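As given, the protein sequences belong to chains A and B, one line each in that order. According to my numbering, the residues represented by the first sequence are 36 to 234, in order. According to my numbering, the residues represented by the second sequence are 36 to 234, in order. Glycine included, each C-beta is placed from N, C-alpha and C at the ideal position. Please read these numbers as outputs of a predicted model, since none were measured by experiment. A quick write-up on the structure given underneath.
2 protein chains.
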Amino acid sequence: MAEGIDPILRMAAQLARLPGIGQKSAQRLAYHIAAMPLDDVKELAAALWQGRKALRFCALCGNYAEDEFCPVCKDEGRHNGQICVVRDARDVAAMERMRDYRGLYHVLGGALSPMNGIGPEDIRIKELLARLSTETVEEVILATNPDIEGEATAAYIARLIKPLGVRVTRIAHGVPVGSDLEYADEVTLAKAMEGRREL
Amino acid sequence: MAEGIDPILRMAAQLARLPGIGQKSAQRLAYHIAAMPLDDVKELAAALWQGRKALRFCALCGNYAEDEFCPVCKDEGRHNGQICVVRDARDVAAMERMRDYRGLYHVLGGALSPMNGIGPEDIRIKELLARLSTETVEEVILATNPDIEGEATAAYIARLIKPLGVRVTRIAHGVPVGSDLEYADEVTLAKAMEGRREL
Numbered sequence: 036m037a038e039g040i041d042p043i044l045r046m047a048a049q050l051a052r053l054p055g056i057g058q059k060s061a062q063r064l065a066y067h068i069a070a071m072p073l074d075d076v077k078e079l080a081a082a083l084w085q086g087r088k089a090l091r092f093c094a095l096c097g098n099y100a101e102d103e104f105c106p107v108c109k110d111e112g113r114h115n116g117q118i119c120v121v122r123d124a125r126d127v128a129a130m131e132r133m134r135d136y137r138g139l140y141h142v143l144g145g146a147l148s149p150m151n152g153i154g155p156e157d158i159r160i161k162e163l164l165a166r167l168s169t170e171t172v173e174e175v176i177l178a179t180n181p182d183i184e185g186e187a188t189a190a191y192i193a194r195l196i197k198p199l200g201v202r203v204t205r206i207a208h209g210v211p212v213g214s215d216l217e218y219a220d221e222v223t224l225a226k227a228m229e230g231r232r233e234l
Numbered sequence: 036m037a038e039g040i041d042p043i044l045r046m047a048a049q050l051a052r053l054p055g056i057g058q059k060s061a062q063r064l065a066y067h068i069a070a071m072p073l074d075d076v077k078e079l080a081a082a083l084w085q086g087r088k089a090l091r092f093c094a095l096c097g098n099y100a101e102d103e104f105c106p107v108c109k110d111e112g113r114h115n116g117q118i119c120v121v122r123d124a125r126d127v128a129a130m131e132r133m134r135d136y137r138g139l140y141h142v143l144g145g146a147l148s149p150m151n152g153i154g155p156e157d158i159r160i161k162e163l164l165a166r167l168s169t170e171t172v173e174e175v176i177l178a179t180n181p182d183i184e185g186e187a188t189a190a191y192i193a194r195l196i197k198p199l200g201v202r203v204t205r206i207a208h209g210v211p212v213g214s215d216l217e218y219a220d221e222v223t224l225a226k227a228m229e230g231r232r233e234l
């Protein structure tokens with residue numbers, strides 16, 4: 036018996052694999068779920084599994100999508116000549132929370148990191164360049180994380196794009212340096228967008 | 036769009052209903068799950084749903100069980116004349132982590148609380164008395180929580196059982212007063228068991 040019976044142990048083991056949930060919280064959550072009405076647990080499990088299964092990547096920008104294109108790319112009003120380049124799809128959600136930005140996105144799916152063997156061909160830079168030749172783009176806003184890898188990625192992309200005559204900007208360091216874009220509050224993100232400068 | 040696309044919002048909404056998971060962590064978890072391999076999410080959802088579905092209550096002690104009886108009650112070697120009375124099934128897991136106790140349990144499923152309209156007929160006291168007349172019981176160890184309701188419940192049960200000539204003990208206050216039994220560490224719980232006193 037020891038830590039509980041099998042179904043509860045299996046719940047706790049799975050929950051403990053999630054970020055920020057230690058063994059003790061996983062166990063507490065498992066016992067909470069054990070005491071939840073059957074229908075509520077069904078709803079929880081279905082939301083996770085059906086939700087994950089429903090997710091795909093937008094064929095244009097790489098953001099999470101339910102169909103071929105994400106809600107941003109599907110919105111004709113947002114094809115305004117601006118493309119905001121971010122590392123992850125979750126960064127799109129962070130930018131959207133600001134509610135100020137009305138252009139499109141491009142999700143790189145990572146950042147350049149020679150230390151970890153991640154080069155330009157491992158992130159969606161080629162796809163970004165393709166968009167610049169097929170779409171009418173006036174400005175590329177580089178909103179990669181304000182950390183070493185994010186800065187390096189922004190600098191690399193800026194060098195590639197500037198010769199094409201497209202305006203390239205970098206979000207201002209209103210975003211606290213060394214942090215994660217995902218955690219920035221709306222005001223800080225709005226400040227960072229306002230203060231963006233030519234590269 | 037705002038906070039994310041529907042499947043992710045639904046995941047986050049469900050996760051935010053769990054104890055200790057706020058809106059922000061729920062959203063972070065949802066994005067983590069969105070990025071997890073499909074099979075891993077399937078395993079997580081299945082562990083929660085199948086796990087919850089597999090749970091029933093032991094016909095003897097009220098602990099969580101997969102069959103008619105829980106692993107403790109099924110173990111012949113543990114029918115040693117001791118019954119440890121706890122509030123919740125999760126408290127059984129806490130006691131079992133101590134690995135010292137070799138008797139049986141009785142889960143009350145609550146604590147007496149006149150304020151909340153919970154009386155003796157609302158928790159499994161009748162079932163405990165029934166066990167005393169059908170099983171050979173030498174000692175009832177009252178391990179309800181060391182808070183007001185737990186103490187009241189212990190005192191109430193002690194008054195009922197002592198006339199029957201059964202030894203009734205209460206775990207010592209090695210368990211920090213005002214806390215939750217579930218959070219006690221193994222050593223504290225062992226001390227509490229050692230120092231139990233006659234009521």
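Kindly list, in the order they appear in chain A, the residues whose Cβ is closer than 8 Å to that of residue 71 of chain B. 87
Where the beta strand (DSSP E) through residue 174 of chain A begins and ends: 174–177
Measure from the alpha carbon of residue 165 of chain B to the alpha carbon of each residue in B:136, B:96 and B:110, then state which is nearest. B:96
Measure the C-alpha to C-alpha separation of residue 228 of chain B and residue 130 of chain B and round it to an integer number of angstroms. 10 Å
Distance cutoff 9 Å, beta carbons only. Does residue 191 of chain B sit that close to anything in chain C? Going by chain labels, chain C is absent from the structure shown, which instead holds the protein chains A and B.
Would you identify the three-state DSSP class for residue 139 of chain A, choosing helix, strand or coil? strand
Which residues in chain B sit within 7 Å of residue 101 of chain A, going by Cβ to Cβ distance? 40, 41 and 42
Give every residue of the same chain whose Cβ lies closer than 8 Å to the Cβ of residue 197 of chain B, excluding the five residues on either side of it in the sequence, and list them in chain order. 203 and 234
I want to verify the contact list: residues of chain A whose CB lies under 7 Å from the CB of residue 60 of chain B, in sequence order. 55
What residue from A:146, A:137, A:127 and A:125 has the CA that sits closest to residue 110 of chain A's CA? A:137
Just how far apart, CA to CA, sit residue 162 of chain A and residue 155 of chain A? 11 Å
Could you give the first and the last residue of the continuous beta strand (DSSP E) run that contains residue 204 of chain A? 202–205
Are residue 128 of chain A and residue 43 of chain B close, meaning C-beta to C-beta below 9 Å? yes
Do we get a CB-CB distance below 9 Å when we pair residue 216 of chain B with the residues of chain A? no
Does residue 51 of chain A come out as helix, strand or coil in the three-state DSSP assignment? coil
Tell me the residue span of the beta strand (DSSP E) that contains residue 108 of chain A. Residue 108 of chain A -> not in any beta strand (DSSP E); alpha helix (DSSP H) instead, spanning 106–109.
Between the CA atoms of residue 192 of chain A and residue 213 of chain A - distance to the nearest angstrom: 20 Å
Considering only C-alpha positions, which residue in the set B:205, B:73, B:120 and B:169 is nearest to residue 98 of chain B? B:120
Expected contact under 8 Å - CB spacing of residue 47 of chain B and residue 61 of chain B to nearest Å: 4 Å
Can you name the start and end residues of the alpha helix (DSSP H) that residue 160 of chain A belongs to? 160–169
How many Å lie between residue 125 of chain A and residue 140 of chain A at the Cα? 12 Å
When you compare the CB positions of residue 200 of chain B and residue 45 of chain A, do they come within less than 9 Å of one another, or not? no
Less than 6 Å between C-beta atoms, sequence neighbours within five positions excluded: which residues of the same chain meet that for residue 117 of chain B? 138 and 174
Within chain B, partners of residue 117 of chain A - CB distance below 9 Å: Correct list: empty, because the minimum Cβ distance to chain B is about 16 Å.
For residue 77 of chain B, return the contacting residues in chain A, with the cut-off set at a CB-CB distance below 7 Å. 84
Below 9 Å between beta carbons: does that hold for residue 216 of chain A and residue 178 of chain A? yes
Which two residues bound the contiguous beta strand (DSSP E) that contains residue 118 of chain A? 117–121
So, residue 65 of chain A versus residue 57 of chain A, is the Cβ gap smaller than 9 Å? no
Can you tell me whether residue 235 of chain A is buried or exposed, with buried defined as 16 or more other CB within 10 angstroms of its CB? Any question about residue 235 of chain A goes unanswered here, given that chain A covers just 36 to 234.
Under the rule that 16 or more other beta-carbon atoms within 10 Å means buried, what is residue 151 of chain B, buried or exposed? exposed
List the DSSP bridge partners of residue 148 of chain A. A:153
When you compare only the Cα positions, how much space is there between residue 207 of chain A and residue 208 of chain B? 58 Å
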